[in-house]
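So the sequences go chain by chain: A and B. The numbering of the first sequence is the working numbering, which starts it at 5 and goes up by one. The numbering of the second sequence is the working numbering, which starts it at 1495 and goes up by one. Only one structure is covered here, and it is reproduced in the block below.
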Amino acid sequence: MKITLVKKILSDGSPCKKCADVIAKLEASGQMARIDEVLVADERDSESPGIQLAKKYSVDRAPFFIVERPDTAPEIYTVYMKFVKEVFEQETEETDELKEIMKDNQDLDFL
Amino acid sequence: MTNSLSATDISASLSEAGPFQILEYALGEHDNIALSFSGAEDVVLVHMASQIKPGVQVFCLDTGRLHPETYQFIEQVRKTYDIRLELLFPDTEQVQKLVSQKGLYSFYEDDHQECCGIRKVGPLRQKLLTLDAWVTGQRKDQSPNTRAEIPVVQVDRVFSRPGELLMKYNPLANWSSKQVWDYIRLEDMPHNALHAKGFISIGCEPCTRAVLPGEHERAGRWWWEEATKKECGLHASNIEK
């Protein structure tokens, strides 16, 4: 299994706060060692590796994770809590996961 | 199975299509598909879908905090159209824990994410995990900040089952509010009585208010929170190059 984390740099050059939060959590839990590659999606550079992957997999937010396993299509995770629950089998509070989904997917406010 | 690349192709091919055609495609393509109905002007999709596929599956998120007018309207829609209408409720334990710890109006003190997560996103996710595709009434003109780039078809990665792709259709994406209301009047459809009281965007009672003439409809939702930029979005201008 290969895990790639794509983090973002905003168009003004500043780092993405959510990406930093996610990396801090992964490092605190020791799970960062299980991330094989970290790529940058630089909003100022459409050729940056992360932007290219976002385009390839039709992802419109960051951070996101790509999980590649032999003989299966890559799985894309845009929700950190969902990623650690399903890939690292970490126990998570459902309410934390729901809050993350709501916070990161503002288009859900139509509901 | 539809993949993300073909979803992009489908979206491109349907980008000029009208809502009825997009719905026809979606309902023809998926057996296990349902419409999300908010109890507002997205009734146009219920109206169209019930003609295309009588008995179509429709669901509403009953947060327990809706206006009486919205409940009355939902019931009117249930009786008017040939649909299978399902009301979805939040997890009782999660609501009790939230209310016990933070009271009934915590969203005025912090923000609406936690309450919406429990009352809307939780039951929505439970439902979507059972579906192959869903239909929403999202429109680009509803929010320049968060919906300006919504396609008519997309892969919903947030709510997909592990290893599978959930398709999300937004047939009204390219329609304006005026087009929606012209259609409602033309077809003499029922509508939520709150609209006649100055409400445009309708959600839960504590988080929805009427707007003044000329105000954007989003001014009627979570007005006490500052508008913030979409931190997690990747600008499509870069992605699509």
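Using N, Cα and C, we set each Cβ at its ideal position, and we do this for glycine too.
Residue environment, residue i, which counts as buried when at least 16 other CB atoms sit within 10 Å
i	result
residue 1594 (chain B)	exposed
residue 1584 (chain B)	buried
residue 1623 (chain B)	exposed
residue 1722 (chain B)	Since pLDDT at residue 1722 (chain B) reaches only 46, below the 50 mark, its modelled position is unreliable, and no value is offered.
residue 1581 (chain B)	exposed
residue 1601 (chain B)	buried
residue 82 (chain A)	buried
residue 92 (chain A)	exposed
residue 1655 (chain B)	exposed
residue 47 (chain A)	buried
residue 94 (chain A)	exposed
residue 1599 (chain B)	exposed
residue 1734 (chain B)	Summary for residue 1734 (chain B): the model assigns pLDDT 49, below 50, so the residue's position carries little reliability; its value from the coordinates is reported in the next sentence. Exposed.
residue 1509 (chain B)	exposed
residue 1557 (chain B)	buried
residue 1611 (chain B)	buried
residue 1680 (chain B)	exposed
residue 32 (chain A)	exposed
residue 1676 (chain B)	exposed
residue 17 (chain A)	exposed
residue 59 (chain A)	buried
residue 1507 (chain B)	exposed
Residue nearest to residue i in terms of C-alpha spacing, selected from the options
i	options	result
residue 1706 (chain B)	B:1538, B:1691 and B:1685	B:1691
residue 1702 (chain B)	B:1714, B:1709 and B:1710	B:1714
residue 84 (chain A)	A:19, A:16, A:24 and A:5	A:24
residue 1590 (chain B)	B:1513, B:1613, B:1573 and B:1603	B:1613
residue 1503 (chain B)	B:1632, B:1684 and B:1649	B:1649
residue 1710 (chain B)	B:1603, B:1522 and B:1693	B:1693
residue 1627 (chain B)	B:1611, B:1616, B:1651 and B:1637	B:1651
residue 1658 (chain B)	A:78, A:97 and A:88	A:78
residue 108 (chain A)	A:17, A:89 and A:26	A:26
residue 1501 (chain B)	B:1672, B:1660, B:1712 and B:1680	B:1660
residue 1629 (chain B)	B:1647, B:1678 and B:1672	B:1647
residue 15 (chain A)	A:52, A:98 and A:7	A:52
residue 1637 (chain B)	B:1683, B:1712 and B:1571	B:1712
residue 8 (chain A)	A:49, A:43, A:58 and A:76	A:43
residue 1719 (chain B)	B:1522, B:1603 and B:1588	B:1603
residue 1678 (chain B)	B:1552, B:1540 and B:1586	B:1540
residue 1674 (chain B)	B:1536, B:1587 and B:1532	B:1536
residue 1574 (chain B)	B:1684, B:1672 and B:1592	B:1684
residue 1559 (chain B)	B:1532, B:1552, B:1578 and B:1538	B:1532
residue 1672 (chain B)	B:1529, B:1538 and B:1551	B:1538
residue 1528 (chain B)	B:1597, B:1592, B:1621 and B:1567	B:1621
residue 41 (chain A)	A:50, A:76 and A:54	A:54
Interface partners of residue i on chain D, CB under 8 Å
i	result
residue 96 (chain A)	As a matter of chain content, chain D is missing from the structure shown, whose protein chains are A and B.
Cβ shell of residue i (< 7 Å), same chain only, five flanking positions each side left out
i	result
residue 1545 (chain B)	none
residue 30 (chain A)	36 and 39
residue 1619 (chain B)	1653
residue 1576 (chain B)	1544, 1548 and 1549
residue 1644 (chain B)	1632, 1634, 1664 and 1667
residue 1717 (chain B)	1703
Beta-carbon contacts of residue i that lie in its chain and below 6 Å, excluding the five residues immediately before and after
i	result
residue 1534 (chain B)	1686 and 1696
residue 61 (chain A)	80
residue 12 (chain A)	20, 23, 45 and 66
residue 88 (chain A)	94
residue 1526 (chain B)	1625 and 1626
residue 5 (chain A)	73
Close Cβ partners of residue i (< 8 Å) along its chain, the five nearest in sequence each way excluded
i	result
residue 106 (chain A)	112
residue 1670 (chain B)	1633 and 1635
Check: residue i C-beta below 7 Å from any heavy atom of the ligand ZN
i	result
residue 80 (chain A)	The ligand content of the structure shown is nil, which means the ligand ZN is not present either.
Checklist entry - Between the segment 1547-1556 of chain B and the segment 1517-1530 of chain B, do at least 3 Cβ pairs fall closer than 8 Å? => result yes
Checklist entry - Looking at chain A, which residues of the segment 1608-1631 of chain B have a Cβ within less than 8 Å of any of its Cβ atoms? => result Listed by position along the chain: 1608, 1610, 1611, 1612, 1614, 1615, 1616, 1618, 1619, 1630 and 1631.
Checklist entry - What residues in the segment 1575-1592 of chain B bring their beta carbon closer than 9 Å to a beta carbon of chain A? => result 1585, 1588, 1591 and 1592
Next on the checklist: Short of 8 Å Cβ to Cβ, which residues in the segment 1644-1670 of chain B face chain A?
Outcome noted: Taking 8 Å as the Cβ-Cβ cut-off against chain A, the residues of the segment 1644-1670 of chain B that qualify are 1644, 1648, 1649, 1651, 1652, 1656 and 1657.
Item to check | Contacting positions in the segment 69-95 of chain A - beta carbon closer than 7 Å to chain B | outcome: So the close ones are 79, 80, 82, 83 and 90.
Checklist entry - Using a Cβ cut-off of 8 Å, which residues of the segment 1551-1564 of chain B contact any Cβ in chain A, in chain order? => result Within the segment 1551-1564 of chain B, the residues whose Cβ lies closer than 8 Å to some Cβ of chain A are 1555, listed in chain order.
Checklist entry - Can at least three beta-carbon pairs, one atom from the segment 65-78 of chain A and one from the segment 1561-1569 of chain B, be found at a separation below 8 Å? => result no
Checklist entry - Between the segment 1697-1715 of chain B and chain A, which residues of the former have a C-beta closer than 9 Å to a C-beta of the latter? => result 1697, 1712 and 1715
Checklist entry - Would you call the segment 95-110 of chain A and the segment 1598-1614 of chain B in contact, with 3 or more CB pairs under 8 Å? => result yes
Checklist entry - Looking at chain A, which residues of the segment 1500-1512 of chain B have a Cβ within less than 7 Å of any of its Cβ atoms? => result Answer set for the segment 1500-1512 of chain B: 1501 and 1502.
Checklist entry - Using Cβ-Cβ distances below 8 Å, what residues of the segment 5-26 of chain A are close to chain B? => result 12, 15, 20, 21 and 22
Checklist entry - Relative to chain B, which residues along the segment 43-55 of chain A have a C-beta separation below 7 Å, given in chain order? => result 45, 47, 50 and 55
Checklist entry - Any residues in the segment 27-38 of chain A with a beta carbon nearer than 8 Å to a beta carbon of chain B? Which ones, in chain order? => result none
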